[in-house]
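Printed below as a string of C-alpha coordinates:
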(Lines of atoms letter the chains of each structure in order from A and count residues from 1; the text may use other names and numbers.)
(Lines give C-alpha, C1' and ligand atoms only; values in the text may rest on other atoms or scores of the structure.)
Protein backbone atom coordinates (compact mmCIF):
# COMPACT_ATOMS: atom_id res chain seq x y z
CA UNK A 1 0.00 0.00 0.00
CA UNK A 2 1.38 3.38 -1.04
CA UNK A 3 1.41 6.19 1.52
CA UNK A 4 -1.28 8.84 1.14
CA UNK A 5 0.62 11.81 -0.26
CA UNK A 6 -2.37 14.09 0.38
CA UNK A 7 -1.73 13.97 4.13
CA UNK A 8 0.64 16.60 5.42
CA UNK A 9 3.98 15.17 6.48
CA UNK A 10 5.25 15.71 10.01
CA UNK A 11 7.75 18.56 10.02
CA UNK A 12 11.32 17.50 10.69
CA UNK A 13 12.87 18.65 13.93
CA UNK A 14 15.46 21.31 13.20
CA UNK A 15 18.28 21.14 15.73
CA UNK A 16 19.43 24.57 16.81
CA UNK A 17 22.94 25.62 15.96
CA UNK A 18 25.04 25.16 19.11
CA UNK A 19 26.37 28.69 18.66
CA UNK A 20 22.86 30.06 19.29
CA UNK A 21 22.88 28.76 22.85
CA UNK A 22 24.25 30.97 25.58
CA UNK A 23 25.61 28.02 27.56
CA UNK A 24 28.74 26.58 25.99
CA UNK A 25 32.36 25.63 26.55
CA UNK A 26 35.02 27.64 24.74
CA UNK A 27 38.46 26.08 24.21
CA UNK A 28 41.34 28.57 24.06
CA UNK A 29 44.06 26.98 21.96
CA UNK A 30 46.25 30.06 22.31
CA UNK A 31 46.23 29.51 26.08
CA UNK A 32 47.38 25.92 25.57
CA UNK A 33 50.26 27.18 23.44
CA UNK A 34 51.22 29.72 26.11
CA UNK A 35 51.01 27.07 28.83
CA UNK A 36 53.32 24.80 26.85
CA UNK A 37 55.94 27.56 26.79
CA UNK A 38 55.61 27.96 30.58
CA UNK A 39 56.09 24.20 30.94
CA UNK A 40 59.10 24.20 28.62
CA UNK A 41 60.80 26.95 30.63
CA UNK A 42 60.18 25.09 33.89
CA UNK A 43 61.50 21.85 32.39
CA UNK A 44 64.79 23.57 31.50
CA UNK A 45 65.58 21.60 28.37
CA UNK A 46 63.91 18.31 29.21
CA UNK A 47 61.53 16.90 26.64
CA UNK A 48 57.80 17.39 27.17
CA UNK A 49 55.34 14.52 26.91
CA UNK A 50 51.90 16.15 26.68
CA UNK A 51 49.26 13.98 28.33
CA UNK A 52 46.11 14.16 26.19
CA UNK A 53 44.13 11.20 27.53
CA UNK A 54 40.35 11.43 28.00
CA UNK A 55 39.88 13.71 24.97
CA UNK A 56 42.69 16.00 26.18
CA UNK A 57 41.04 16.32 29.59
CA UNK A 58 37.81 17.24 27.82
CA UNK A 59 39.36 19.97 25.66
CA UNK A 60 39.17 18.10 22.32
CA UNK A 61 42.13 15.84 21.62
CA UNK A 62 42.62 16.39 17.89
CA UNK A 63 42.73 20.23 17.83
CA UNK A 64 44.73 20.27 21.07
CA UNK A 65 47.29 17.74 19.82
CA UNK A 66 47.63 19.50 16.48
CA UNK A 67 48.28 22.80 18.24
CA UNK A 68 50.81 21.27 20.62
CA UNK A 69 52.61 19.55 17.75
CA UNK A 70 52.77 22.84 15.87
CA UNK A 71 54.18 24.47 19.02
CA UNK A 72 56.98 21.90 19.18
CA UNK A 73 55.93 19.42 21.86
CA UNK A 74 58.09 16.30 21.89
CA UNK A 75 55.46 13.59 22.35
CA UNK A 76 52.08 12.61 23.68
CA UNK A 77 50.72 10.38 26.40
CA UNK A 78 47.37 8.63 26.09
CA UNK A 79 45.60 6.12 28.29
CA UNK A 80 44.29 3.77 25.61
CA UNK A 81 45.42 2.35 22.30
CA UNK A 82 42.40 3.76 20.48
CA UNK A 83 43.31 7.26 21.65
CA UNK A 84 46.77 6.90 20.13
CA UNK A 85 45.38 5.51 16.89
CA UNK A 86 43.00 8.47 16.67
CA UNK A 87 45.98 10.82 16.92
CA UNK A 88 47.85 8.98 14.17
CA UNK A 89 44.79 9.19 11.93
CA UNK A 90 44.67 12.94 12.64
CA UNK A 91 48.22 13.38 11.36
CA UNK A 92 50.13 13.41 14.65
CA UNK A 93 53.63 12.05 13.99
CA UNK A 94 55.39 12.55 17.34
CA UNK A 95 56.06 9.78 19.85
CA UNK A 96 52.86 8.49 21.48
CA UNK A 97 53.06 6.56 24.74
CA UNK A 98 50.12 4.32 25.74
CA UNK A 99 50.14 4.72 29.51
CA UNK A 100 47.62 2.28 30.98
CA UNK A 101 49.49 -0.84 30.01
CA UNK A 102 46.67 -3.35 29.44
CA UNK A 103 45.72 -3.37 25.78
CA UNK A 104 43.14 -6.11 25.28
CA UNK A 105 43.65 -7.47 21.79
CA UNK A 106 45.17 -4.30 20.31
CA UNK A 107 48.82 -5.38 20.26
CA UNK A 108 49.11 -5.60 16.47
CA UNK A 109 47.34 -2.26 16.09
CA UNK A 110 49.70 -0.59 18.56
CA UNK A 111 52.72 -1.80 16.63
CA UNK A 112 51.20 -0.90 13.26
CA UNK A 113 50.41 2.64 14.41
CA UNK A 114 53.90 3.19 15.75
CA UNK A 115 52.72 3.63 19.33
CA UNK A 116 54.95 2.87 22.30
CA UNK A 117 53.29 0.69 24.95
CA UNK A 118 53.88 0.88 28.68
CA UNK A 119 54.42 -2.62 30.07
CA UNK A 120 54.31 -3.91 33.64
CA UNK A 121 52.63 -7.32 33.22
CA UNK A 122 54.63 -10.19 31.77
CA UNK A 123 51.51 -11.29 29.87
CA UNK A 124 51.64 -8.03 27.90
CA UNK A 125 55.30 -8.56 27.06
CA UNK A 126 54.42 -12.06 25.85
CA UNK A 127 51.56 -10.72 23.71
CA UNK A 128 53.75 -8.12 22.01
CA UNK A 129 56.48 -10.69 21.43
CA UNK A 130 54.00 -13.06 19.77
CA UNK A 131 52.90 -10.47 17.20
CA UNK A 132 56.32 -8.87 16.68
CA UNK A 133 57.40 -11.06 13.79
CA UNK A 134 60.83 -11.16 15.49
CA UNK A 135 61.18 -7.41 15.01
CA UNK A 136 62.15 -5.34 18.07
CA UNK A 137 59.30 -3.83 20.07
CA UNK A 138 60.27 -0.81 22.15
CA UNK A 139 58.36 -0.54 25.42
CA UNK A 140 58.51 1.62 28.52
CA UNK A 141 58.69 -0.36 31.75
CA UNK A 142 56.63 1.08 34.60
CA UNK A 143 57.67 0.36 38.17
CA UNK A 144 55.47 1.00 41.18
CA UNK A 145 57.45 3.00 43.73
CA UNK A 146 54.51 3.96 45.90
CA UNK A 147 51.47 5.03 43.90
CA UNK A 148 50.00 1.57 44.39
CA UNK A 149 48.03 1.40 41.14
CA UNK A 150 50.02 0.26 38.12
CA UNK A 151 53.58 -0.90 37.63
CA UNK A 152 55.90 -3.73 38.61
CA UNK A 153 56.38 -3.66 42.40
CA UNK A 154 60.01 -3.19 43.39
CA UNK A 155 59.91 -6.50 45.23
CA UNK A 156 58.88 -8.32 42.06
CA UNK A 157 61.11 -6.51 39.58
CA UNK A 158 63.91 -9.10 39.53
CA UNK A 159 61.45 -11.89 38.75
CA UNK A 160 59.82 -9.76 36.03
CA UNK A 161 63.18 -9.07 34.38
CA UNK A 162 64.12 -12.76 34.51
CA UNK A 163 60.82 -13.67 32.85
CA UNK A 164 61.34 -10.97 30.24
CA UNK A 165 64.40 -12.82 28.91
CA UNK A 166 61.98 -15.30 27.34
CA UNK A 167 60.77 -12.60 24.96
CA UNK A 168 63.81 -11.37 23.01
CA UNK A 169 61.90 -8.94 20.81
CA UNK A 170 60.99 -6.74 23.80
CA UNK A 171 63.39 -3.84 24.35
CA UNK A 172 63.11 -1.61 27.42
CA UNK A 173 63.47 1.77 25.75
CA UNK A 174 62.12 3.72 28.72
CA UNK A 175 61.76 3.42 32.48
CA UNK A 176 59.08 5.28 34.40
CA UNK A 177 57.18 5.62 37.64
CA UNK A 178 54.42 7.91 38.89
CA UNK A 179 54.54 10.20 41.93
CA UNK A 180 51.58 10.19 44.28
CA UNK A 181 52.34 13.23 46.48
CA UNK A 182 54.26 15.67 44.29
CA UNK A 183 51.82 18.38 45.34
CA UNK A 184 51.94 17.71 49.08
CA UNK A 185 54.60 15.47 50.65
CA UNK A 186 58.25 16.01 49.62
CA UNK A 187 59.49 13.26 51.94
CA UNK A 188 57.38 10.65 50.16
CA UNK A 189 58.57 12.02 46.81
CA UNK A 190 62.14 11.44 47.99
CA UNK A 191 61.27 7.88 48.97
CA UNK A 192 59.73 7.21 45.56
CA UNK A 193 62.77 8.67 43.78
CA UNK A 194 65.03 6.43 45.86
CA UNK A 195 62.91 3.48 44.78
CA UNK A 196 63.20 4.59 41.16
CA UNK A 197 67.00 4.75 41.48
CA UNK A 198 66.96 1.21 42.87
CA UNK A 199 64.81 0.04 39.94
CA UNK A 200 67.09 1.77 37.45
CA UNK A 201 70.14 -0.02 38.85
CA UNK A 202 68.39 -3.39 38.78
CA UNK A 203 67.25 -2.91 35.17
CA UNK A 204 70.84 -2.15 34.18
CA UNK A 205 72.16 -5.22 36.00
CA UNK A 206 69.84 -7.30 33.85
CA UNK A 207 71.47 -5.83 30.75
CA UNK A 208 68.94 -3.15 29.77
CA UNK A 209 69.89 0.47 29.10
CA UNK A 210 66.68 2.49 28.75
CA UNK A 211 67.39 5.70 26.86
CA UNK A 212 64.44 7.57 28.40
CA UNK A 213 63.72 8.04 32.11
CA UNK A 214 60.58 9.87 33.22
CA UNK A 215 58.88 10.48 36.53
CA UNK A 216 57.62 14.07 36.86
CA UNK A 217 53.98 15.07 36.48
CA UNK A 218 52.66 18.65 36.44
CA UNK A 219 53.08 19.23 40.17
CA UNK A 220 56.58 17.73 40.18
CA UNK A 221 57.51 19.89 37.20
CA UNK A 222 57.19 23.00 39.38
CA UNK A 223 58.11 21.59 42.80
CA UNK A 224 60.66 18.82 42.27
CA UNK A 225 63.30 19.52 39.60
CA UNK A 226 65.22 16.49 40.89
CA UNK A 227 62.47 14.36 39.32
CA UNK A 228 62.71 15.76 35.79
CA UNK A 229 65.14 13.23 34.22
CA UNK A 230 64.73 12.99 30.39
CA UNK A 231 61.00 13.58 29.93
CA UNK A 232 58.42 15.49 31.91
CA UNK A 233 54.82 14.24 31.64
CA UNK A 234 52.46 17.20 31.85
CA UNK A 235 48.69 17.08 31.69
CA UNK A 236 46.99 19.55 34.02
CA UNK A 237 49.55 22.30 33.48
CA UNK A 238 48.89 22.42 29.74
CA UNK A 239 45.24 23.14 30.41
CA UNK A 240 45.98 25.89 32.91
CA UNK A 241 46.22 24.16 36.28
CA UNK A 242 49.62 23.60 37.94
CA UNK A 243 48.60 20.54 39.94
CA UNK A 244 48.47 22.22 43.35
CA UNK A 245 46.96 25.36 44.87
CA UNK A 246 50.34 26.04 46.46
CA UNK A 247 52.10 26.40 43.10
CA UNK A 248 52.27 29.88 41.59
CA UNK A 249 52.82 29.50 37.85
CA UNK A 250 51.70 31.88 35.06
CA UNK A 251 49.26 29.43 33.49
CA UNK A 252 45.99 30.33 31.77
CA UNK A 253 42.87 28.16 31.97
CA UNK A 254 42.27 26.82 28.48
CA UNK A 255 38.54 26.23 28.92
CA UNK A 256 35.81 28.77 29.59
CA UNK A 257 32.40 27.42 30.54
CA UNK A 258 30.06 30.33 30.13
CA UNK A 259 26.41 31.27 29.94
CA UNK A 260 24.35 34.46 30.20
CA UNK A 261 21.90 35.99 32.65
CA UNK A 262 18.35 34.95 31.79
CA UNK A 263 16.44 36.96 34.38
CA UNK A 264 17.09 39.30 37.30
CA UNK A 265 14.70 39.69 40.22
CA UNK A 266 14.67 40.68 43.88
CA UNK A 267 13.61 38.43 46.74
CA UNK A 268 12.26 39.97 49.90
CA UNK A 269 13.33 38.70 53.31
CA UNK A 270 11.80 35.28 53.95
CA UNK A 271 11.01 34.51 50.30
CA UNK A 272 12.48 31.36 48.79
CA UNK A 273 13.75 30.14 45.43
CA UNK A 274 13.92 26.73 43.79
CA UNK A 275 12.83 23.21 44.57
CA UNK A 276 12.56 22.37 48.25
CA UNK A 277 12.87 26.01 49.33
CA UNK A 278 16.44 25.25 50.36
CA UNK A 279 17.32 28.95 50.17
CA UNK A 280 15.30 31.62 51.92
CA UNK A 281 16.45 35.19 51.64
CA UNK A 282 17.72 36.48 55.00
CA UNK A 283 17.20 40.03 53.71
CA UNK A 284 16.38 41.72 50.42
CA UNK A 285 18.43 39.76 47.87
CA UNK A 286 18.99 40.24 44.14
CA UNK A 287 19.01 37.02 42.17
CA UNK A 288 19.97 36.16 38.61
CA UNK A 289 18.59 33.06 36.92
CA UNK A 290 20.99 31.43 34.47
CA UNK A 291 20.16 28.78 31.81
CA UNK A 292 22.42 25.97 32.99
CA UNK A 293 21.84 23.04 35.32
CA UNK A 294 22.67 19.46 36.14
CA UNK A 295 21.60 18.44 32.65
CA UNK A 296 24.65 20.38 31.44
CA UNK A 297 26.98 18.82 33.99
CA UNK A 298 26.70 21.38 36.78
CA UNK A 299 26.74 19.15 39.84
CA UNK A 300 23.71 19.34 42.11
CA UNK A 301 26.13 19.15 45.02
CA UNK A 302 27.05 22.76 44.19
CA UNK A 303 23.56 23.85 45.30
CA UNK A 304 23.96 26.53 47.99
CA UNK A 305 27.72 25.91 47.88
CA UNK A 306 29.19 26.76 44.48
CA UNK A 307 29.99 30.07 42.83
CA UNK A 308 30.00 31.69 39.40
CA UNK A 309 31.66 34.85 38.11
CA UNK A 310 29.67 37.85 36.88
CA UNK A 311 31.64 40.97 36.08
CA UNK A 312 34.69 39.23 37.64
CA UNK A 313 32.79 39.06 40.98
CA UNK A 314 32.23 35.71 42.72
CA UNK A 315 28.49 35.18 43.12
CA UNK A 316 27.15 32.29 45.25
CA UNK A 317 24.77 29.71 43.85
CA UNK A 318 21.58 29.76 45.92
CA UNK A 319 18.77 27.23 45.96
CA UNK A 320 18.79 23.77 44.44
CA UNK A 321 20.29 23.45 40.98
CA UNK A 322 17.65 22.22 38.53
CA UNK A 323 18.06 20.41 35.22
CA UNK A 324 18.51 23.54 33.11
CA UNK A 325 18.17 26.50 35.50
CA UNK A 326 20.25 27.80 38.39
CA UNK A 327 19.93 30.91 40.55
CA UNK A 328 22.81 32.98 41.89
CA UNK A 329 22.98 35.82 44.39
CA UNK A 330 24.14 38.95 42.55
CA UNK A 331 23.70 41.37 45.43
CA UNK A 332 27.45 41.98 45.39
CA UNK A 333 27.54 43.07 41.75
CA UNK A 334 26.88 46.74 41.13
CA UNK A 335 24.85 46.20 37.97
CA UNK A 336 23.50 43.03 36.36
CA UNK A 337 21.40 42.87 33.21
CA UNK A 338 19.83 40.18 31.07
CA UNK A 339 22.45 38.88 28.65
CA UNK A 340 25.47 39.59 30.88
CA UNK A 341 28.13 36.89 30.71
CA UNK A 342 28.24 34.36 33.54
CA UNK A 343 31.35 32.22 33.94
CA UNK A 344 31.14 28.78 35.54
CA UNK A 345 34.74 27.76 34.86
CA UNK A 346 37.77 29.63 33.60
CA UNK A 347 38.93 33.24 33.60
CA UNK A 348 36.90 36.44 33.50
CA UNK A 349 38.41 39.89 33.92
CA UNK A 350 41.45 38.55 35.76
CA UNK A 351 39.38 36.43 38.16
CA UNK A 352 39.66 32.64 37.87
CA UNK A 353 37.12 30.02 38.88
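In the working numbering, the protein residues as written are 25 to 377.
Built from N, CA and C at the ideal position, the CB exists for glycine as well.
All of these numbers come straight from a predicted model, not from anything done at the bench.
Asked                                                                                                                        : Found
Residue 223, enclosing beta strand (DSSP E) - first and last residue                                                         : Premise fails: residue 223 lies in the alpha helix (DSSP H), 210-229, not in any beta strand (DSSP E).
Cutoff 7 Å; reference residue 105; Cβ partners in own chain excluding five residues on either side                           : 122, 127, 130, 133, 134, 139
Beta-bridge partners of residue 100, as assigned by DSSP                                                                     : 74, 120
For residue 203 and residue 244, believed in contact at Cβ under 8 Å, the rounded distance                                   : 5 Å
Cα-Cα separation, residue 148 to residue 236                                                                                 : 20 Å
Top-ranked residue by Cα proximity to residue 265, from 112, 376, 78                                                         : 376
Counterpart residues of residue 242 in DSSP-defined beta bridges                                                             : Note: residue 242 sits in no beta bridge, so no partner.
Distance between beta carbons of residue 227 and residue 185, contact taken as under 8 Å                                     : 7 Å
Contacting residues, own chain, Cβ-Cβ under 7 Å from residue 331 (five flanking each side not counted)                       : 338, 339, 340, 341, 377
Cβ pair residue 251, residue 206 closer than 9 Å                                                                             : yes
Residue 353 classed as buried or exposed, judged by whether at least 16 other C-beta atoms fall within 10 angstroms          : buried
Among 310, 326, 371, the one whose alpha carbon lies nearest that of residue 292                                             : 310
Cβ neighbours of residue 333 in the same chain (closer than 6 Å, five flanking residues each side left out)                  : 367, 372, 375, 377
Residues of its chain near residue 345, where Cβ-Cβ distance is below 7 Å and the 5 sequence neighbours each way are ignored : 317, 318, 322, 324, 326, 327
Residue 44 burial status per 10 Å Cβ neighbour count (16 or more: buried)                                                    : exposed
Cα-Cα separation between residue 77 and residue 167, rounded to whole angstroms                                              : 20 Å
Three-way DSSP call (helix, strand, coil) for residue 198 in this model                                                      : strand
Beta strand (DSSP E) segments (min. 3 residues) lying fully within the region 248-287                                        : 255-258, 279-284
Cα-Cα separation, residue 361 to residue 287                                                                                 : 8 Å
Backbone secondary structure at residue 346 - three-state DSSP                                                               : coil
Local conformation of residue 79 per DSSP, three classes                                                                     : helix
Three or more C-beta pairs below 8 Å linking the region 170-185 and the region 209-227                                       : yes
Check whether residue 48 and residue 281 have beta carbons under 9 Å apart                                                   : yes
Residue 19 (DSSP reduced to helix, strand or coil)                                                                           : There is simply no residue 19 to check, as the chain begins at 25 and stops at 377 in what is shown.
Bridge-paired residues (DSSP) for residue 309                                                                                : 291
Option in 103, 277, 259 with minimal Cα separation from residue 124                                                          : 103
In DSSP terms, what residue 296 is bridged to                                                                                : 304
Residue 353 in three-state terms, based on DSSP                                                                              : strand
8 Å contact criterion, which residue 199 and residue 234 should meet: CB distance rounded                                    : 4 Å
Contact check, residue 194 vs residue 242, beta carbons under 9 Å                                                            : no
Sub-9 Å separation of residue 115 and residue 90 beta-carbons                                                                : yes
Residue 63 - DSSP class collapsed to helix/strand/coil                                                                       : helix
Three-state class that DSSP yields for residue 371 in the structure shown                                                    : strand
Where the beta strand (DSSP E) containing residue 331 begins and where it ends                                               : 331-334
Span separating the alpha-carbon of residue 301 from that of residue 267                                                     : 37 Å
Three-state secondary structure (DSSP) of residue 20                                                                         : The question about residue 20 has no answer here: the residues shown for the chain are numbered 25 through 377.
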